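>
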Amino acid sequence: MTAKNTTVLLQRLRAAMKNNQYVCEKLNAYIIPSGDAHHSEYIAPCDMRRAFISGFTGSAGTAIVTEIHAAMWTDGRYFLQADQQMDRNWTLMKMGMSKTLSQEDWLVKVLPEGARVGVDPFLMSIEEWKRLSSKLESSGHKLVAADQNLIDLVWDDRPEPPSNPLMVLSTKYTGCPWQDKVRQARDQMKEKGAAVLVVTALDEVAWLFNLRGSDIDFNPVFFSYAVIGKEYVKLFIDESKLDNAVRAHLMLDADKNTEDYMKVEIHPYDDIIAQLKVACQEVGKEKIWLSDRGSAALCNVVPDNMRLTQQSPLCLNKAKKNDTEIKCMRRAHVKDAVALCEYFAWLEKEVPKGELNEVTAADRLEQFRREQEDFVSLSFDTISGVGSNGAVIHYRPSKETAKTLTTQELYLCDSGAQYRDGTTDVTRTVHFGTPSKHEKECFTRVLKGHIGLSSAVFPNGIKGEDWKLHIRLSYYDNSH
């Protein structure tokens, strides 16, 4: 794995940080988060700014560039990868280690007096903004919203944002028309005294309108925002994505007297800020509800006395599955199980021949899944790992790294698919020969941890992280 040479890129970024053509006043530091404007778990290539500027491609991390330093914060899953992918311009800040400073404390330590720290406000949540801004201000510094994303200025071959067509998901799969979901949200808004709800998470927009897209690999979402008012619903999206089927689904050209008619206004994706300012003028004394995971760019448009910043009601609405959704989820898993059974049966015959590697095996699994009804795509890159490769977190096999499947080593397969009726994610560890005593012991300890989790009685309100030690007790027995 070759480290990316970032010397020229950092020179150009630092020049932009003090160029009044791009910033109103010189920036002493610039923060590059990992996410997109919707704080998605997975992002499109055009939003991989942190990876572009640093070379580090792990899914989690935050980069900060000052006039002198370039530092990368990431967690233990990616220490080795980050160390291999970043050149000497960068310092790896190992999160979770006792001697590693937080981003806030590091900035306070290295910045000159009265420094200005810039960030694209669309890429930072309002809660992160408040915390960092408070810490910097208490130390005499200022967090600044950059008018332009400075990484985009130095990224000459940045991919275009995707604009793929949408797919309508019928009530056969959703069990509920989108109009009823809007009505439910309006009832919840009324309870909170909110006249407007701003929907920023891509999965929530897709769920709300019973639409699916493919703007982000392996994720059935599309770039958009939604705003629900008492008398209107606004969808902010590239209108070229809306074919006749989608327009009919959203009733865009329907007569007002049509049964269950509900007006949807289509606005350009980038008009969200302007329309939010309009909403601020219209709501009177009522509130505008924004998600606490929404971007600082949107939240800061709304005055504090008008802003209700809480978890989006659609987050929980989406999590409560109706009978149709539950039936569909089960059907998806049955289909996926068929594909996996076919795959492992095939492996039992083919592995002893010594001709399969991690890549060719994963490709064959995808073929088995494609044969299932309502298959759309994989749900993530298949983790197909033999022996030591199976121990690499989020391992992705390639022609350069692919090992041959044998009867002497364990094989890990972590894979899944997107079907119209549900999403799957299944991990299996198998051996096609006779496992060693050590392999049996390791496998059994992990199995005991799974049994402990599945049989545990959870106290109300407990967090998953609180159960880590309990579940891993079997790993630590006998001084392991």
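Here the sequence shown is numbered in our numbering, starting from 1346 and rising by one per residue. Beta carbons: idealized from backbone N, C-alpha and C, even for Gly. Keep in mind the model is a prediction, meaning the values are calculated, not measured.
#1: Taking C-beta to C-beta, are I1398 and T1351 nearer than 8 angstroms?
#2: Buried or exposed: which applies to Q1763, given that a residue is buried once 16 or more other Cβ atoms fall within 10 Å of its Cβ?
#3: Just the Cα atoms here: how many angstroms apart are M1651 and P1390?
#4: Considering only residues of the same chain and omitting the five flanking positions on each side of F1563, which have a CB-CB separation below 8 angstroms?
#5: Sorted by chain position, which residues of the same chain lie with C-beta nearer than 6 angstroms to L1595's C-beta, five sequence neighbours on each side aside?
#6: Between E1754 and the rest of its own chain, which residues show a CB-CB distance below 7 angstroms, the 5 nearest in sequence each way excluded?
#7: Measuring straight from C-alpha to C-alpha, what distance separates D1588 and P1510?
#8: At the level of alpha carbons, what is the spacing between V1696 and E1687?
#9: Grab me the residues of Y1820's own chain with a C-beta within less than 7 angstroms of its C-beta, minus the 5 sequence neighbours each way, in chain order.
#10: DSSP has Y1820 in a bridge; who is on the other side?
#11: Spatial neighbours of Y1423 within its chain, please: C-beta separation below 7 angstroms, excluding the five flanking residues on both sides.
#12: Between which residues of its own chain and Y1518 is the CB-CB distance below 6 angstroms, once the five residues before and five after are set aside?
#13: How many Å lie between M1440 and G1421 at the Cα?
#14: According to the neighbour-count rule (16 or more other Cβ atoms, all chains shown, within 10 Å of its Cβ), is T1545 buried or exposed?
#15: According to DSSP, C1758 sits in a beta bridge with which residue or residues?
#16: Quick one: what's got a C-beta closer than 6 angstroms to E1473's C-beta in the same chain, skipping five residues either side?
#17: Candidates G1629, D1637, D1598, S1569: which alpha carbon is nearest I1618's?
#18: I want to know whether the region 1373 to 1382 touches the region 1454 to 1463 - three or more CB-CB distances under 8 angstroms.
#19: Using the beta-carbon count (16 or more within 10 Å), is I1728 buried or exposed?
#20: Taking only the alpha-carbon atoms, compute the straight-line gap between V1353 and T1347 and give it to the nearest angstrom.
#21: Could you compute how far the alpha carbon of P1507 sits from the alpha carbon of R1394?
#22: Check for me: the alpha helix (DSSP H) holding Q1753 runs from which residue to which?
#23: Is it buried or exposed for V1646, if we count other Cβ within 10 angstroms and need 16 for buried?
#24: Run through DSSP, which three-state label would A1690 get?
#25: What span of residues does the beta strand (DSSP E) with K1579 cover, start to end?
#26: Could you pull the start and end residues of the alpha helix (DSSP H) that R1461 belongs to?
#27: How should Y1756 be labelled, buried or exposed, when 16 other C-beta atoms within 10 angstroms of its C-beta is the threshold for buried?
#28: Reducing DSSP to helix, strand and coil, say where K1808 ends up.
#29: Could you check what DSSP says for I1611 in three-state terms: helix, strand or coil?
#30: Tell me, please, whether the region 1655 to 1663 touches the region 1631 to 1640 by the rule of three or more beta-carbon pairs shorter than 8 angstroms.
#31: Short of 8 angstroms in beta carbon distance, which residues of its chain neighbour R1817, apart from the five on each side in sequence? Order them along the chain.
#32: What residue range does the beta strand (DSSP E) around F1720 cover?
#33: Pull up the DSSP beta-bridge partners for S1470, would you.
#34: I'd like the list of long-range same chain contacts for H1815, defined as Cβ closer than 6 angstroms, with 5 residues on each side in sequence excluded.
#35: With distance defined between alpha-carbon atoms, name the residue in S1515, D1583, S1585, D1381 nearest to L1553.
#36: Grab me the residues of D1719's own chain with a C-beta within less than 7 angstroms of its C-beta, minus the 5 sequence neighbours each way, in chain order.
Answer, in terms of the structure:
#1: Locating residue 1398 in the sequence shown gives position 53, where the first residue counts as 1. Locating residue 1351 in the sequence shown gives position 6, where the first residue counts as 1. Their beta carbons are under 8 angstroms apart, which means I1398 touches T1351 by this criterion.
#2: Looking up residue 1763 in the sequence shown gives position 418. It is buried - the Cβ of Q1763 has at least 16 other Cβ atoms within 10 Å.
#3: Translated into the one-based positions of the sequence shown, residue 1651 becomes position 306. Translated into the one-based positions of the sequence shown, residue 1390 becomes position 45. If I take the Cα positions, the gap works out to 35 angstroms.
#4: Mapped onto the sequence shown, residue 1563 falls at position 218. Result list for F1563: Y1387, S1722, L1723, S1724, F1725, D1726, Q1763, in chain order.
#5: Within the sequence shown, the letter at position 250 stands for residue 1595. Result list for L1595: V1609, in chain order.
#6: Within the sequence shown, residue 1754 is the residue found at index 409, counting from 1. So the list reads V1731, G1732, once near-sequence residues are dropped.
#7: Numbered from 1 along the sequence shown, position 243 holds the residue referred to as residue 1588. Numbered from 1 along the sequence shown, position 165 holds the residue referred to as residue 1510. Between D1588 and P1510, the C-alpha separation is close to 7 angstroms.
#8: Residue 1696 sits at position 351 when you count from the first residue of the sequence shown. Residue 1687 sits at position 342 when you count from the first residue of the sequence shown. Distance between the alpha carbons of V1696 and E1687: 14 angstroms.
#9: Looking up residue 1820 in the sequence shown gives position 475. Taken in chain order, the residues that qualify are R1790, G1794.
#10: As a first step, residue 1820 is located in the sequence shown; it is residue number 475 there, counting from the start. Note: Y1820 sits in no beta bridge, so no partner.
#11: Here residue 1423 is taken as the residue at index 78 of the sequence shown, counted from 1. Once the five neighbours on either side are set aside, the close Cβ partners of Y1423 are G1403, A1405, G1406.
#12: One-based indexing of the sequence shown puts residue 1518 at position 173. Excluding residues within five positions, the ones whose Cβ falls inside 6 angstroms are C1673, R1765, D1766.
#13: As a working mapping, residue 1440 is identified with position 95 in the sequence shown. As a working mapping, residue 1421 is identified with position 76 in the sequence shown. Near 7 angstroms, if we compare the C-alpha coordinates of G1421 and M1440.
#14: The residue you call residue 1545 lines up with position 200 of the sequence shown. With 16 or more Cβ atoms within 10 Å of its Cβ, T1545 is classed as buried.
#15: Locating residue 1758 in the sequence shown gives position 413, counting from the first residue. DSSP, once it has assigned bridges, lists S1729, R1773 as partnering C1758.
#16: Reading the sequence shown from its first residue, position 128 is the one you call residue 1473. No residues qualify anywhere along the chain.
#17: In the sequence shown, counting from the first residue as 1, residue 1618 sits at position 273. Out of G1629, D1637, D1598, S1569, S1569 has the C-alpha closest to the C-alpha of I1618.
#18: yes
#19: Residue mapping note: residue 1728 aligns to position 383 of the sequence shown, counting from 1. Buried, because 16 or more other Cβ atoms sit within 10 Å of the Cβ of I1728.
#20: For the purposes of this step, residue 1353 is identified with residue 8 of the sequence shown, where counting begins at 1. For the purposes of this step, residue 1347 is identified with residue 2 of the sequence shown, where counting begins at 1. So the alpha carbons of these two residues sit roughly 17 angstroms apart.
#21: If you number the sequence shown from 1, residue 1507 lands on position 162. If you number the sequence shown from 1, residue 1394 lands on position 49. Computed Cα separation, rounded: 15 angstroms.
#22: Taking the sequence shown and counting its residues from 1, the one referred to as residue 1753 is at position 408. Element bounds for Q1753: n/a, residue is neither H nor E.
#23: The residue you call residue 1646 lines up with position 301 of the sequence shown. With 16 or more other Cβ atoms within 10 Å, it is buried.
#24: The residue labelled residue 1690 in the question sits at position 345 within the sequence shown. A1690: helix per DSSP, three-state reduction.
#25: By one-based count along the sequence shown, residue 1579 stands at place 234. Per DSSP, K1579 belongs to the beta strand (DSSP E) from 1578 to 1581.
#26: Looking up residue 1461 in the sequence shown gives position 116. R1461 -> not in any alpha helix (DSSP H); beta strand (DSSP E) instead, spanning 1461 to 1464.
#27: Walking along the sequence shown from the start, residue 1756 turns up at place 411. Flag for Y1756 reads buried.
#28: Indexing the sequence shown from 1 puts residue 1808 at position 463. Here K1808 sits in coil by DSSP.
#29: Taking the sequence shown and counting its residues from 1, the one referred to as residue 1611 is at position 266. Residue state, collapsed to three classes: strand.
#30: yes
#31: Taking the sequence shown and counting its residues from 1, one reaches residue 1817 at position 472. G1794, listed in sequence order.
#32: In the sequence shown, residue 1720 corresponds to position 375, counting from 1. Counting along the chain, the beta strand (DSSP E) containing F1720 begins and ends at 1720 to 1723.
#33: Within the sequence shown, the letter at position 125 stands for residue 1470. Paired residues: S1640.
#34: Within the sequence shown, the letter at position 470 stands for residue 1815. Excluding positions up to five away in sequence, the list is empty.
#35: Within the sequence shown, residue 1553 is the residue found at index 208, counting from 1. Out of S1515, D1583, S1585, D1381, S1515 has the C-alpha closest to the C-alpha of L1553.
#36: Start at 1 with the first residue of the sequence shown, and residue 1719 comes out as number 374. Closer than 7 angstroms at the Cβ level, and outside the excluded window around D1719, lie Y1764, R1765, D1766.
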